[in-house]
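For reference, the structure discussed in these notes is given below.
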Amino acid sequence: MISPIRVAAAAVVLSAGLAACGAGPGATTTSATSTSAAAEPTSAAPTSAALIKVPDVSGMNHQDAQNAMQKAGLYNLREVDGTGQGRALLIDRNWIQTGQDPAPGTEVQPDAVITLTAVKTAER
1 MISPIRVAAA
11 AVVLSAGLAA
21 CGAGPGATTT
31 SATSTSAAAE
41 PTSAAPTSAA
51 LIKVPDVSGM
61 NHQDAQNAMQ
71 KAGLYNLREV
81 DGTGQGRALL
91 IDRNWIQTGQ
101 DPAPGTEVQP
111 DAVITLTAVK
121 TAER
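Those letters in the sequence shown? Residues 1 to 124, per this note's numbering, in order.
What follows is the structure in structure tokens.
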């Protein structure tokens, strides 16, 4: 049998959650319908305006390379140790870019994966 205290506690938690979402007792909801939005055709094909040109980050320290990519609007960044040792790039300014994929100048979607390959500054 479930104790009355547990039931009361569950009710308080549920009420608090609904109130936080604005759906508690006394909350009103409004709905608006728009026929113009439904009548407009949608296009699933990407447009050239949505494409971003990949900047050239060759020879930059890894932090500056990340900053350049993000400034361009590219945030899906993957980093790789260029020596093949699989090390994590922990202190970004201690690493120098030796490669990138896709190549500089390539036009990509904003969510494209950009791979930045780097080696430690002393290994250059």
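Think of the CB as a built atom: it goes at the ideal place given N, C-alpha and C, for glycine as much as any other residue.
- Taking one beta carbon from each stretch, the stretch 103–113 and the stretch 48–66 have 3 or more pairs nearer than 8 Å; the two touch.
- Residue environment for Gln100: buried (at least 16 other C-beta atoms within 10 angstroms of its C-beta).
- The DSSP-derived three-state label of Arg93 is helix.
- Per the DSSP secondary-structure output, Asn61 pairs in a beta bridge with Ile96.
- Partner residues in the beta bridge of Arg78, as assigned by DSSP, are Thr115.
- Just so you know, the alpha carbons of Ala118 and Asp81 end up roughly 5 Å apart.
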